[in-house]
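Student:
Protein chains: 2
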Amino acid sequence: MRETANALARPYHHGDLSRALVQAGRRILESEGPTALSLRAVAREAGVSPAAPYHHFKDKCELLEAVAKEGWRELGAAIAKARATAPDAPGAITNIGVAYVCFARENPALYRTMYKSACDRETMGDHTKDADSGFSHVQEAIIEAGADGSNSRELALATIAAWCAAHGVAEMAGFKEFESLKAEMGGEEPFVRALLEHVGVFARKPRRAAAE
Amino acid sequence: MRETANALARPYHHGDLSRALVQAGRRILESEGPTALSLRAVAREAGVSPAAPYHHFKDKCELLEAVAKEGWRELGAAIAKARATAPDAPGAITNIGVAYVCFARENPALYRTMYKSACDRETMGDHTKDADSGFSHVQEAIIEAGADGSNSRELALATIAAWCAAHGVAEMAGFKEFESLKAEMGGEEPFVRALLEHVGVFARKPRRAAAE
DNA sequence: GCATCTATCTGAACGATGTCAACATAATCT
DNA sequence: AGATTATGTTGACATCGTTCAGATAGATGC
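Protein chains in written order, with this note's numbering: chain A, 569 to 780; chain B, 569 to 780.
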């Protein structure tokens, strides 16, 4: 039974602690940064004891991975949205790249957590395999943009290169040494776009059409 | 006074603790990974008490930055070496990119520490400003490769794009999902090279010479 | 309805960590 | 030599990740 009618009074059993913990982690990440993201802080934020999370996650690491998974889902959604917006426009793939970088720049702590998790395990996990994943969207967009879908190796390389470049830009776009250049170019988005356009798949084909 | 004639007996004052701590951090990073890199572990490795480092570094963070700086120096050296090897070869810049990625892949823990430090402060610090830094070498190599040195913005963008791409490739080249592709291509280096060649500055100009 | 089983949460504890203050020792300066 | 400064050590504190024994509650079988 509840001890009081207080709206904040939780029953002994939380009901959906698992989800609540992930959301709490997300919140802490955004508001206080990665250093503040301790298991105990997450438990506090969710209003439970420090030991409670261990009934839902084996590790702090496993909690972080759950938070990261949530991030990958959102990234995938952002990419899907960017792709759906103007699928036939000339720079459609570039828009996807820009959306990727924007997501990372708007959620820096989340993004770093996502990649730390991936790098530690040396795999991006299931995030790439889902049909609706960002990776799949990128690959399909590259095909739609006229890449030779039959040369599977070249297609894979182009997709991976695009992903690598976007990741690199995402992590470095915030560096202070670029501030004046960004200002010159009219903000961060044009800067990011220009950077991405140095990569094959993102490249604007300026005067004439594509190579062959 | 020394308590024994033991060869390991150090005097009360270490002599060059600052350097010893950085080296100890480096060693721990390589042999036991980033999670094992605690201030106390570094002090233990150097044979001093846990509080001793505070006379040389304000923070754990500051120690890490010193380790990172050491890494940047080595990266710069690796790039300089790659550049000096065959400065006039057609793919000279690409060799630099490959050297960059190889360094990162051979010292993964160091490399991650370097970038974590940079990302936390949102700057690469002095590492880019030194005349002998890797960044400067890249920029010069790009000019030598025939870029329009007078268009400073485009030159800067090309350099930054190259750096971003190399960073992205460096962090992702180890992912397990690429293993079969790497095997197909004859190892990690050809794979890395192929990825980099999707980026403008690194691009092989296949049949005819450069654009104009 | 009631007893039991299982999932979930709490409390107290452990060792490790980053950091600090008080003190000890050595090198340096006068 | 004596004073000052740089560099160590010891011991303490709060916090952290983690574990374990016990409390509580929802589910299940009778």
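All residues carry an ideal CB built from backbone N, CA and C; glycine is no exception.
If you drop the 5 nearest sequence neighbours on each side, which residues of the same chain put their C-beta closer than 7 Å to that of Ala636(A)?
Tutor: Walking along the first sequence from the start, residue 636(A) turns up at place 68. If we look at Ala636(A) and ignore the five residues flanking it on each side, its Cβ neighbours are Thr681, Met682, Ser685.
Student: Could you tell me the boundaries of the alpha helix (DSSP H) in which Glu745(A) lies?
Tutor: Translated into positions along the first sequence, residue 745(A) becomes position 177. Glu745(A) -> no alpha helix (DSSP H), and no H or E assigned at all.
Student: Mind checking whether Pro565(A) and Ala672(A) have CB atoms under 8 Å apart?
Tutor: This structure gives no information on residue 565(A), because the portion of chain A shown stretches from 569 to 780.
Student: If contact means a Cβ-Cβ distance below 9 Å, which residues of the region 755 to 773 of chain A contact chain B?
Tutor: Of all residues in the region 755 to 773 of chain A, Phe759, Ala762, Leu763, Leu764, Glu765, His766, Val767, Gly768, Val769, Ala771 have a Cβ within less than 9 Å of some Cβ in chain B.
Student: Does Met569(A) come out as helix, strand or coil in the three-state DSSP assignment?
Tutor: Your numbering for residue 569(A) matches position 1 in the first sequence. Residue confidence is low: Met569(A) scores 35 on pLDDT, short of 50, so the model does not pin down where it sits. No coordinate-derived value is stated.
Student: Let's test the definition: count the other Cβ atoms within 10 Å of the Cβ of Glu752(A) and tell me whether it reaches 16, buried, or not, exposed.
Tutor: The residue given as residue 752(A) occupies position 184 in the first sequence. Counting Cβ neighbours within 10 Å, Glu752(A) comes out exposed, since fewer than 16 surround it.
Student: How many angstroms separate the CA atom of Ser606(B) from the CA atom of Ala592(B)?
Tutor: Residue numbering aside, residue 606(B) sits at position 38 when the second sequence is read from its first letter. Residue numbering aside, residue 592(B) sits at position 24 when the second sequence is read from its first letter. Looking at the two C-alpha atoms, the distance is approximately 11 Å.
Student: With which residues is Val767(A) paired in a DSSP beta bridge?
Tutor: Residue 767(A) sits at position 199 when you count from the first residue of the first sequence. Answer is Val767(B).
Student: Given that Arg680(B) touches chain A, what residues does it touch there, using C-beta distances under 8 Å?
Tutor: Taking the first residue of the second sequence as position 1, residue 680(B) is located at position 112. Within chain A, the residues near Arg680(B) are Cys687.
Student: For Pro655(B), count neighbouring Cβ atoms within 10 angstroms of its own Cβ and tell me buried if that reaches 16, exposed if not.
Tutor: Along the second sequence, one-based indexing puts residue 655(B) at 87. Burial call: exposed.
Student: Can we say the region 698 to 710 of chain B touches the region 703 to 717 of chain A, given the rule of at least three CB pairs closer than 8 Å?
Tutor: With the cut-off at 8 Å, the region 698 to 710 of chain B and the region 703 to 717 of chain A do not touch.
Student: Beta-carbon separation of Gly768(B) and Ala734(B) under 8 Å?
Tutor: Numbered from 1 along the second sequence, position 200 holds the residue referred to as residue 768(B). Numbered from 1 along the second sequence, position 166 holds the residue referred to as residue 734(B). Cβ atoms of Gly768(B) and Ala734(B): not closer than 8 Å.
Student: Does Gly665(B) come out as helix, strand or coil in the three-state DSSP assignment?
Tutor: Here the question's residue 665(B) lines up with position 97 in the second sequence. Reduced to three states, the DSSP call for Gly665(B) is helix.
Student: Between the beta-carbon of Ile661(A) and the beta-carbon of Ala713(A), is there less than 8 Å?
Tutor: In the first sequence, residue 661(A) corresponds to position 93, counting from 1. In the first sequence, residue 713(A) corresponds to position 145, counting from 1. Against a cut-off of 8 Å, the Cβ pair of Ala713(A) and Ile661(A) comes out as a contact.
Student: Tell me the rounded alpha-carbon separation between Thr691(A) and Gly583(B).
Tutor: Locating residue 691(A) in the first sequence gives position 123, counting from the first residue. Locating residue 583(B) in the second sequence gives position 15, counting from the first residue. So the two alpha carbons sit approximately 44 Å from each other.
Student: When burial is assigned at 16 or more other CB atoms within 10 Å of the CB, is Thr696(A) buried or exposed?
Tutor: By 1-based counting over the first sequence, the position of residue 696(A) is 128. Buried, by the Cβ-count rule.
Student: Using the three-state DSSP reduction, which class does Ala779(A) fall into: helix, strand or coil?
Tutor: Position 211 of the first sequence, counted from the first residue, corresponds to residue 779(A). Caution is warranted here: a pLDDT of 39 is assigned to Ala779(A), below 50, making its placement in the model unreliable, and the coordinate value is therefore given only provisionally. Residue state, collapsed to three classes: coil.
Student: Counting only Cβ-Cβ distances shorter than 8 Å, please list the residues of the region 634 to 665 of chain A near chain B, keeping chain order.
Tutor: Listed by position, the residues of the region 634 to 665 of chain A near chain B (Cβ gap below 8 Å) amount to none.
Student: If you run the structure through DSSP and keep just helix, strand and coil, what is Arg595(B)?
Tutor: To locate residue 595(B), count along the second sequence from 1; it is residue 27. Looking at Arg595(B) - three-state DSSP - the assignment turns out to be helix.
Student: Suppose you measure from the CA of Val737(B) to the CA of Glu756(B); what does that come to, to the nearest Å?
Tutor: Here residue 737(B) refers to the residue found at position 169 when the second sequence is read from its first residue. Here residue 756(B) refers to the residue found at position 188 when the second sequence is read from its first residue. The straight-line gap from Cα to Cα measures roughly 11 Å.
Student: Going along the chain, which unbroken runs of the beta strand (DSSP E) with 3 or more residues stay wholly within the region 610 to 638 of chain B?
Tutor: You should have found no qualifying run.
Student: Please check the pair Val610(A) and Leu585(A), which I expect to be a contact at CB under 8 Å, by giving their CB distance rounded to whole angstroms.
Tutor: For the purposes of this step, residue 610(A) is taken as the residue at position 42 of the first sequence. For the purposes of this step, residue 585(A) is taken as the residue at position 17 of the first sequence. The Cβ separation is near 11 Å, so there is no contact.
Student: Of all Cβ atoms in chain B, is any one closer than 8 Å to the Cβ of Val737(A)?
Tutor: Taking the first sequence and counting its residues from 1, the one referred to as residue 737(A) is at position 169. Chain B contact via Cβ: present.
Student: How should Glu613(B) be labelled, buried or exposed, when 16 other C-beta atoms within 10 angstroms of its C-beta is the threshold for buried?
Tutor: Position 45 of the second sequence, counted from the first residue, corresponds to residue 613(B). Buried: at least 16 other Cβ atoms inside 10 Å.
Student: If you drop the 5 nearest sequence neighbours on each side, which residues of the same chain put their C-beta closer than 8 Å to that of Leu764(B)?
Tutor: For the purposes of this step, residue 764(B) is taken as residue 196 along the second sequence, with counting starting at 1. Taken in chain order, the residues that qualify are Thr662, Gly665, Val666, Val669, Ala733, Ala734, Val737, Phe770.
Student: For Met692(A), which of helix, strand or coil comes out of DSSP?
Tutor: Taking the first sequence and counting its residues from 1, the one referred to as residue 692(A) is at position 124. In this structure, Met692(A) counts as coil in the three-state DSSP scheme.
Student: Could you give the DSSP three-state label for Gly755(A): helix, strand or coil?
Tutor: Taking the first sequence and counting its residues from 1, one reaches residue 755(A) at position 187. Gly755(A) falls in the coil class under three-state DSSP.
Student: Within a Cβ cutoff of 6 Å, which residues of the same chain sit near Leu643(B), ignoring the five residues on either side of it in sequence?
Tutor: Taking the first residue of the second sequence as 1, we reach residue 643(B) at position 75. Hits under 6 Å: Phe671, Gly702.
Student: Near Ile596(B), which residues of its chain fall below 8 Å by C-beta distance, leaving aside the five closest residues on each side in sequence?
Tutor: The sequence position of residue 596(B) within the second sequence is 28, counting from 1. Answer for Ile596(B): Ala604, Leu605, Ala609, Val610, Glu613, listed in chain order.
Student: Distance check for Arg594(A) and Thr572(A), CA to CA, integer angstroms please.
Tutor: Indexing the first sequence from 1 puts residue 572(A) at position 4. Indexing the first sequence from 1 puts residue 594(A) at position 26. In this predicted model, Thr572(A) has a pLDDT of only 32, less than 50, meaning its place in the structure is not dependable; the value taken from the coordinates is given anyway. One C-alpha to the other measures close to 29 Å.
Student: State buried or exposed for Asn675(A), treating a residue as buried only when at least 16 other CB atoms are found within 10 Å of its CB.
Tutor: For the purposes of this step, residue 675(A) is identified with residue 107 of the first sequence, where counting begins at 1. Under this definition Asn675(A) is a buried residue.
Student: Check Pro655(A) in the structure and name its three-state DSSP category.
Tutor: Translated into positions along the first sequence, residue 655(A) becomes position 87. It is coil, neither helix nor strand.
Student: Rounded to a whole number of angstroms, what is the C-alpha to C-alpha distance between Ala619(B) and Glu747(A)?
Tutor: Along the second sequence, one-based indexing puts residue 619(B) at 51. Along the first sequence, one-based indexing puts residue 747(A) at 179. Looking at the two C-alpha atoms, the distance is approximately 39 Å.
Student: Return the first residue and the last residue of the alpha helix (DSSP H) that His705(B) is part of.
Tutor: In the second sequence, the residue the question calls residue 705(B) occupies position 137. Per DSSP, His705(B) belongs to the alpha helix (DSSP H) from 702 to 712.
Student: Measuring CB to CB, does His766(B) end up less than 8 Å from Ala762(A)?
Tutor: Translated into the one-based positions of the second sequence, residue 766(B) becomes position 198. Translated into the one-based positions of the first sequence, residue 762(A) becomes position 194. It is not a contact, given that the beta carbons lie outside the stated cut-off.
Student: Checking 8 Å against the spacing of the C-beta atoms, do Glu630(B) and Val590(B) come in under that value?
Tutor: Within the second sequence, numbered from 1, the residue matching residue 630(B) stands at position 62. Within the second sequence, numbered from 1, the residue matching residue 590(B) stands at position 22. No, Cβ-Cβ distance for Glu630(B) and Val590(B) is not below 8 Å.
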